[in-house]
Every structure is written in structure tokens, then in C-alpha cells.
Amino acid sequence: MKRSYLVTGGTGFIGSYLVRRLVKDGHRVRVVDNDLRGRSSRLADISGRFEMFRCDIRDTNAMIEAAQGVDSILHLAALNGTENFYRRPDVVLDVGIRGLFAILDAARANGVEEFVLASSSEAYQSASIVPTPEEVSLSIPDPWNPRFSYGGSKLISEIIVANYLRDVFKQLIVFRPHNVYGADMGEEHVIPQLTARAAKQIARHPTGDVPFEIQGDGSQTRSFVYIDDFIDGLLLAASKGAHRETYHIGTEDEVSIAELVNTIFAQFGRKAALIPTDLPAGGTLRRCPDITKMRALGYAPKIPLEEGIRRTLNWYLKAA
Ligand SMILES: NC(=O)c1ccc[n+]([C@@H]2O[C@H](COP(=O)([O-])OP(=O)(O)OC[C@H]3O[C@@H](n4cnc5c(N)ncnc54)[C@H](O)[C@@H]3O)[C@@H](O)[C@H]2O)c1
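Structure (C-alpha cells):
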């Protein structure tokens, strides 16, 4: 069935892939983004096939206009990026909370019945169970630490959508992405940063094992999901998920940072000699979602890490 979607944060990493998929599937799409971290050029290949609202998510009147006549709002806009959490925690919270109220008021003004919220695995910080099911308690270790402005804004956002407009939405879904990666994902993420540093080090060391510093001893873990698999999951959760439910979208393939570095170096046909350094305080040692709930909907991520890394790396090396 062809539908009409409003995607906030639509020129961002995940948003741009989502918009492209929806447009290609024949849906009507409106995009809201102020291009603070997004780029309209990400959607150049489908320009003219969606409506662009270049405005701030916190502008309620603009949101009311953008949400006119849409069937569904996919709310992805947020001020992401670890540096922003420390430097601009006030803006992280303002965009997260004031922006959410603005888009919710726009949903109410237009009688939009479907709302899908992007939360984050950061709403747990360090989860007590790994792999982590959706029911594990969300927590903020220290409200005075600006690092938690982002995780805190996601935690509060989940409470807001659960309680505000309770009677308006017929389909309300929260999804928590877990380390999504792929081409054009931005620079402030572990895979592009490791790739750029690996390329530099390899150029400096044309033969033999390549000395490469890593945070800690490299045993801390993450689980990565390739963007195409992620978008499949997001659309599945939005359409087949149960009203007022939360879904983890990711993979259960937990890899250590050392394994990730080795996978990246293997793509260059080289080997790294890992040099451990101090682990920054407050870092999460293990992160891996339990995706049983998504699997029950039919979710089955397909792209193995090596293949996803190969595609991502090729993009970054060409762009460099
Ligand atoms: N990428 C991941 O692995 C990951 C993990 C957990 C959660 N998430 C969540 O998923 C969503 C999308 O993430 P992403 O990786 O695409 O991030 P992104 O930074 O690439 O995209 C977010 C978009 O929101 C836009 N935006 C920020 N402030 C705005 C404002 N005031 N008004 C309008 N637009 C504004 C930015 O310009 C950007 O295009 C976010 O809510 C993020 O918190 C992502």
C-alpha cells in the first residue's frame, strides 16, 4: 500500500537511506532536516522525488505544516556525535526534548496515527545483561556528566512518547539502533575513524605488521549492523511491530574492537600490531542487543561484517 511519510533527520546517515528506500518503494515522502549534521547532497540521486522542509525540528509551526496529510511520522532528528554531547549538551537536550514535543504537537494537530521514534542503545549506558533484551532498565549514571545529555534525552523521549498523546496514536513504535554502519555514515564513528587511521598508518609502514594504537586492550565489544539490514529492520518494526512496543535493531554478532581492527586491516591486505592504550573513563565494555523480538517479526540481517566493512571502506577510500 502506498503511504505518505514524514521523516525527520532525513538528510542524516540513517534518514537518507530510509528516505531513498521509501521513495523507491513508491511512497510519498517529506523530509525535515536543518542540515546541521545532515547533507541534502546525500539525496541528490532522488532529488525531485520527495518534498524537502529545510527547517528546525523545534519550530512547531513548521512541523505542523510538514505533517499535513501524512500517514506516518518517522522521527530520527537528533544532535548526535560524542563531541556534541560534551560541548553542546544544552542543544542536544533542546533538540531531543523541545523537538520531540514540537513534532508530537504537529502529529496531534494533523491527526497522524502512526509515530516511530528513534531511541538509542545509549539509553542503557552499561546494560546489566548482554546480549541485552529490550526490557533491561534504562539508566543515566550521572546527570552532571554532559556525556549523558544524549542518552538522557533518548530515555526521556521514550517516556514522553509513551505518555503524551496516549489516545492519538494507533501505531506507536520505539526502536533502538545498535551501531549502524555503512557508506557515508559521517566521520565521528568508530569504523570510519579506524579506517582513516589504518590507511594513514599503512602508508607510513609499507611493509610488515603495522603498529596501531587501540583504546584499552581491544577486548571491549560492540555489535554492528549494516545499513541495508538496518533499514529492513526499521521498516519491519514500523509496519509489523506491535503498538506501544520497543525493538532493538542490530545484530547479535558481538565482536571485539581488536577483531574489528583486524577485519579492517584484512581489507587492506595487511596485519596490525595492536598497541593497547588507556581506556577512557565511562566507556561501555560490552554492547550487544538481544534481537529475539525482531526475529519473531521475521527480521534476519544478511550482510556479514567482512562484506559490510568492504563496502564501507571502499566508499571512504574513494571519498578520501
Ligand atoms: N547511527 C547509529 O548507529 C545510531 C545508534 C543509535 C541511535 N541512533 C539514532 O538514530 C537517529 C539517526 O541517526 P544518524 O546516525 O542518522 O544521525 P545523523 O546525525 O546522521 O542524523 C540526524 C539528523 O538530524 C538532523 N538534525 C539535528 N538537529 C536538528 C534540528 N534541530 N532540526 C532538524 N534536523 C536536525 C541532522 O542534521 C541530521 O541530518 C538519531 O535519532 C540517532 O540518535 C543512531
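62 is the number of the first residue of the sequence shown in the working numbering; add one for each residue after it.
Built from N, CA and C at the ideal position, the CB exists for glycine as well.
- prompt: Counting only runs that start and end within the segment 174-227, where is the alpha helix (DSSP H) found for 4 or more residues in a row?
  reply: 209-224
query: Looking at the structure shown, is T143 part of a helix, part of a strand, or coil, going by DSSP?
result: Within the sequence shown, the letter at position 82 stands for residue 143. Of the three classes helix, strand and coil, the one that applies to T143 here is helix, per DSSP.
query: When the Cα atoms are used, what is the spatial distance from I221 to S317?
result: Here residue 221 corresponds to residue number 160 of the sequence shown, with the count starting at 1. Here residue 317 corresponds to residue number 256 of the sequence shown, with the count starting at 1. Using only the alpha carbons, I get a separation of about 35 Å.
message: Would F74 and V93 be called neighbours here (beta carbons separated by less than 8 Å)?
response: Residue 74 sits at position 13 when you count from the first residue of the sequence shown. Residue 93 sits at position 32 when you count from the first residue of the sequence shown. No, these two residues do not count as a Cβ contact at 8 Å.
- request: Closer than 6 Å by C-beta to A123: which residues in its own chain qualify, once you throw out the five before and the five after it? Chain order, please.
  value: Position 62 of the sequence shown, counted from the first residue, corresponds to residue 123. Correct list, in chain order: C116.
- request: Would you please state the rounded distance, in angstroms, between the beta carbons of F176 and P238? I believe it to be under 8 Å.
  value: Start at 1 with the first residue of the sequence shown, and residue 176 comes out as number 115. Start at 1 with the first residue of the sequence shown, and residue 238 comes out as number 177. The pair is not a contact, with the Cβ atoms about 17 Å apart (cut-off 8 Å).
- prompt: Do N141 and ligand 1 come close, with the Cβ less than 7 Å from some heavy atom?
  reply: Numbered from 1 along the sequence shown, position 80 holds the residue referred to as residue 141. True, at least one ligand heavy atom lies under 7 Å from that Cβ.
task: Could you tell me which uninterrupted beta strand (DSSP E) segments, each at least 3 residues in length, are contained entirely in the segment 292-339, listed from first to last along the chain?
output: 306-310, 315-317 and 333-338
message: In chain order, what are the residue ranges of uninterrupted beta strand (DSSP E) at least 3 long that sit wholly in the segment 101-165?
response: 112-115 and 133-136
- prompt: Is it true that the segment 295-309 meets the segment 264-280, where meeting means three or more beta-carbon pairs spaced less than 8 Å apart?
  reply: no
field: the segment 170-184 touching the segment 196-213, judged by at least three CB pairs closer than 8 Å
entry: yes
Best match in D245, M62, Q281 and A188 for proximity to G76 [C-alpha to C-alpha]: As a position in the sequence shown, residue 76 is number 15, starting the count at 1. Among D245, M62, Q281 and A188, the Cα nearest to that of G76 is on D245.
- request: Please go through the same chain and pick out, in chain order, the residues whose beta-carbon is closer than 7 Å to the beta-carbon of R159, but skip the five residues on each side of it.
  value: Within the sequence shown, numbered from 1, the residue matching residue 159 stands at position 98. Here the set comprises R119.
- prompt: Is the beta carbon of T69 less than 8 Å from the beta carbon of A138?
  reply: In the sequence shown, residue 69 corresponds to position 8, counting from 1. In the sequence shown, residue 138 corresponds to position 77, counting from 1. Yes; because the gap between Cβ atoms is below 8 Å, this pair is in contact.
task: Return helix, strand or coil for V229, following the three-state DSSP convention.
output: Start at 1 with the first residue of the sequence shown, and residue 229 comes out as number 168. The answer is coil: DSSP assigns V229 none of H, G, I, E or B.
task: Would you please state the rounded distance, in angstroms, between the beta carbons of Y242 and I288? I believe it to be under 8 Å.
output: Here residue 242 is taken as the residue at index 181 of the sequence shown, counted from 1. Here residue 288 is taken as the residue at index 227 of the sequence shown, counted from 1. Rounded, the Cβ-Cβ distance is 7 Å, consistent with contact.
query: Which first and last residues belong to the alpha helix (DSSP H) in which Y78 is found?
result: For the purposes of this step, residue 78 is taken as the residue at position 17 of the sequence shown. Segment F74 to K85, the alpha helix (DSSP H) holding Y78.
field: Among E174, N375 and F326, nearest to V131 - alpha-carbon criterion
entry: Here residue 131 refers to the residue found at position 70 when the sequence shown is read from its first residue. When only C-alpha atoms are compared, the closest one is E174.
query: What does a CB cutoff of less than 7 Å around E144 pick up in its chain, not counting 5 residues either side in sequence?
result: The residue labelled residue 144 in the question sits at position 83 within the sequence shown. Within the same chain, E144 has close Cβ partners E249.
field: Euclidean distance between Cα positions of S284 and R91
entry: For the purposes of this step, residue 284 is taken as residue 223 along the sequence shown, with counting starting at 1. For the purposes of this step, residue 91 is taken as residue 30 along the sequence shown, with counting starting at 1. S284 and R91: Cα-Cα distance of roughly 31 Å.
message: Taking the alpha helix (DSSP H) that T353 belongs to, which residues open and close that run?
response: On the sequence shown, residue 353 is found 292 positions in, with the first residue counted as 1. Note, T353: alpha helix (DSSP H), T353 to A357.
query: For the candidate residues G109, R98, I190 and N323, whose alpha-carbon lies nearest to that of R347?
result: Here residue 347 refers to the residue found at position 286 when the sequence shown is read from its first residue. Checking every option, the nearest Cα to that of R347 belongs to I190.
message: Assuming the contact rule is C-beta atoms closer than 8 Å, L178 and V235 should be a hit. Round their C-beta distance to whole Å, please.
response: In the sequence shown, residue 178 corresponds to position 117, counting from 1. In the sequence shown, residue 235 corresponds to position 174, counting from 1. Confirmed, about 5 Å.
- prompt: Residues bridged to E368 by DSSP?
  reply: Your numbering for residue 368 matches position 307 in the sequence shown. DSSP lists no partner for E368.
Segment limits, beta strand (DSSP E) that includes Q406: No answer is possible for residue 406: the residues shown for the chain start at 62 and end at 381.
field: Rounded separation between E315 and C349 - CA only
entry: For this step, residue 315 is matched to residue 254 along the sequence shown. For this step, residue 349 is matched to residue 288 along the sequence shown. E315 and C349: Cα-Cα distance of roughly 6 Å.
- prompt: I think K354 touches E219, with their Cβ atoms under 8 Å apart; what is that distance to the nearest whole Å?
  reply: By one-based count along the sequence shown, residue 354 stands at place 293. By one-based count along the sequence shown, residue 219 stands at place 158. Actually they are not in contact, since the Cβ atoms of K354 and E219 sit about 15 Å apart, beyond 8 Å.
query: In the segment 245-269, which residue ranges form an unbroken alpha helix (DSSP H) of at least 4 residues, counting only runs that do not cross its ends?
result: 251-265
query: Apart from the five residues just before and just after G71, which ones in its own chain have a Cβ nearer than 6 Å to its Cβ?
result: As a first step, residue 71 is located in the sequence shown; it is residue number 10 there, counting from the start. Around G71: V80, V92 and D94.
task: State the Cα-Cα distance for the pair I252 and D339, rounded to the nearest angstrom.
output: As a working mapping, residue 252 is identified with position 191 in the sequence shown. As a working mapping, residue 339 is identified with position 278 in the sequence shown. Going by the C-alpha atoms only, they are around 19 Å apart.
query: Should D133 be labelled buried (16 or more other beta-carbon atoms within 10 Å of its own) or exposed?
result: Working through the sequence shown from its first residue, we reach residue 133 at position 72. Rather than Asp, the amino acid found at residue 133 in this sequence is Ser. S133 is buried by the Cβ-count criterion.
task: Report the three-state DSSP secondary structure of T345 (helix, strand or coil).
output: Reading the sequence shown from its first residue, position 284 is the one you call residue 345. Note: T345 maps to coil in three-state DSSP.
query: Would the beta-carbon of T256 be found less than 7 Å away from any heavy atom of ligand 1?
result: If you number the sequence shown from 1, residue 256 lands on position 195. No, Cβ of T256 sits at least 7 Å from all heavy atoms of ligand 1.
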